[in-house]
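J.:
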């Protein structure tokens, strides 16, 4: 029974160190193993406080120090509590004396599961004694278990003391963090540029605000990235329309230079270098096509020929012809055919990639496997370079990311 009490004491100590749930009240029943009680969501200090216990004065049994802003972003479930190895066991509030305790600290138990399971073991052992005919021993064992309540009240008092200590620290930190938290919220509501939100969020993280606010700041950066990416795509579409739809290449190039300065973080995602190459390509075609070229050539016949070349998988020839048709009276039809050509070319490259990946998976030689995976990646790059506006570009990028992870293994 001494070992049982020691185990219970250690579980409570670790649960208290986690500091993510209010201290349990003596009037509440322990959740059963079959139906473990879920951790209640955290609420601001103005709305809730830890209940008082019978064994501690009111001043000690309440969590007196909380922060409105910090509480809004606290970890909400025990599953989100980081393992001790993420921040070093030596930094935990309770110093663990032996190696077995250290191992447990690195994998903190969920008290809502650990306590009911341990109590069930007590009842099972008492029942086994009774069934074996040791009625007196079973009785004595359970009587020792029933007098554990004073220890429980001491544990509650200790948990309240630790919660108050944690609360004081959080309240002091909140004076630094709250202004940055509010600033980041307002910036994202106004859909400010990603670079500005990221800079402010990184400033918050640099202050070491705690695991919950670090996670929140990272999520805010992702939100800002998505908002800015949508705007960047709209701006990029306007630049592309200048080049492909209106043949205003100088204006398109100037706007693209300004775009690249404003959206440096999105260079890879939006393939702006590929668009710059596309504008230059069209500008070169415009210079090579005489003004009276289509006066002596039939655009409709050329459009049909481009279809034939595409079906024969003569993609470079089809692309050159369609580029020339961009400067005829069939510009819109040529642009539609160009997009269809991009689909056909990229679908073939994706098929080649799939075949190379399947072949690579069967290789026993690591070097041969890596070579095939690199060839598969190159096929996807061909698509992204030749047709940066391919309709399934995101799938190509996702496939490329997957293959690069495979290559790095």
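In my numbering, the protein residues as written are 7 to 415. Glycine included, every Cβ here is placed at the ideal spot set by N, Cα and C.
So, does the stretch 228-237 touch the stretch 294-309, judging by three or more C-beta pairs under 8 angstroms?
T.: No: the two stretches stay apart, fewer than three of their Cβ pairs being nearer than 8 angstroms.
J.: What does the Cβ neighbour count give for residue 206, buried or exposed, with the cut at 16 atoms within 10 Å?
T.: Classification for residue 206: buried.
J.: Going by C-alpha to C-alpha distance, which of 381, 309, 394, 340 sits closest to residue 351?
T.: With distances taken between Cα atoms, residue 351 lies closest to 394.
J.: Rounded to the nearest angstrom, what separates residue 143 and residue 149 at their Cα positions?
T.: Answer to the nearest angstrom: the Cα atoms are 10 angstroms apart.
J.: Near residue 199, which residues of its chain fall below 7 angstroms by C-beta distance, leaving aside the five closest residues on each side in sequence?
T.: Once the five neighbours on either side are set aside, the close Cβ partners of residue 199 are 234.
J.: Is residue 379 near residue 412, with beta carbons less than 9 angstroms apart?
T.: Yes.
J.: Whole alpha helix (DSSP H) runs in the stretch 139-221 with 4 or more residues, listed along the chain?
T.: Listed in chain order, they are 141-152, 155-195, 200-212.
J.: Rounded C-beta distance between residue 324 and residue 331? I'm assuming under 8 angstroms.
T.: Incorrect: roughly 10 angstroms between the Cβ atoms, too far for contact.
J.: In its own chain, which residues sit with a C-beta less than 8 angstroms from the C-beta of residue 265, not counting the 5 before and 5 after it?
T.: Answer for residue 265: 238, 241, 242, 245, 278, listed in chain order.
J.: Under the rule that 16 or more other beta-carbon atoms within 10 Å means buried, what is residue 173, buried or exposed?
T.: Burial call: buried.
J.: Is DSSP giving residue 252 helix, strand or coil here?
T.: Coil.
J.: What is the DSSP secondary structure of residue 115, counted as helix, strand or coil?
T.: Here residue 115 sits in coil by DSSP.
J.: Mind listing, in chain order, the continuous alpha helix (DSSP H) runs of no fewer than 4 residues lying wholly within the stretch 306-349?
T.: You should have 321-331.
J.: Just the Cα atoms here: how many angstroms apart are residue 287 and residue 366?
T.: Each residue's alpha carbon lies about 35 angstroms from the other.
J.: How many Å lie between residue 313 and residue 354 at the Cα?
T.: So the two alpha carbons sit approximately 16 angstroms from each other.
J.: With DSSP collapsed to three states, give me the class of residue 298.
T.: Coil.
J.: Can you tell me whether DSSP reads residue 397 as helix, strand or coil?
T.: Coil at residue 397, not helix or strand.
J.: DSSP three-state label for residue 415, please.
T.: Residue 415: coil per DSSP, three-state reduction.
J.: Compare the Cα-Cα distances from residue 290 to each of 333, 189, 113 and report the closest residue.
T.: For residue 290, the nearest C-alpha among the options comes from 333.
J.: For residue 383 and residue 409, I'd like the C-alpha separation in whole angstroms.
T.: The straight-line gap from Cα to Cα measures roughly 7 angstroms.
J.: For the structure I just gave you, are there three or more beta carbon pairs, one from the stretch 216-224 and one from the stretch 179-193, closer than 8 angstroms?
T.: Short answer: they touch.
J.: Since residue 277 is in the alpha helix (DSSP H), which residue starts that stretch and which ends it?
T.: No alpha helix (DSSP H) contains residue 277, which DSSP labels as neither H nor E.
J.: Assign residue 269 to one of three DSSP states: helix, strand, or coil.
T.: Coil.
J.: Which first and last residues belong to the alpha helix (DSSP H) in which residue 380 is found?
T.: Element bounds for residue 380: 372-392.
J.: So, helix, strand or coil for residue 368, using DSSP?
T.: Of the three classes helix, strand and coil, the one that applies to residue 368 here is coil, per DSSP.
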